[in-house]
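Contents: one structure, followed by commentary.
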């Protein structure tokens, strides 16, 4: 491996690391259960306006 190939290898590794860090910084965390996304409310029937569970 000559000096030219070695420099290109180092440059490409730097570009990969920058790309990875940029993608990590762009990911936004979400709030679980915000705006009713976690629990479902029954709309009709005898259990109206109650939070539905997976237990039956």
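In the numbering used here, the protein residues as written are 29 to 84.
The C-beta atom is built at its ideal place from N, Cα and C for all residues, glycine as well.
No experiment lies behind these values; they were computed from the predicted model shown.
Delimiting residues of the alpha helix (DSSP H) encompassing residue i
i          : result
residue 66 : That residue, residue 66, is in no alpha helix (DSSP H); it is neither H nor E in DSSP.
residue 48 : 31-54
When the options are compared against residue i, the one with the closest alpha-carbon
i          : options    : result
residue 68 : 81, 42, 58 : 81
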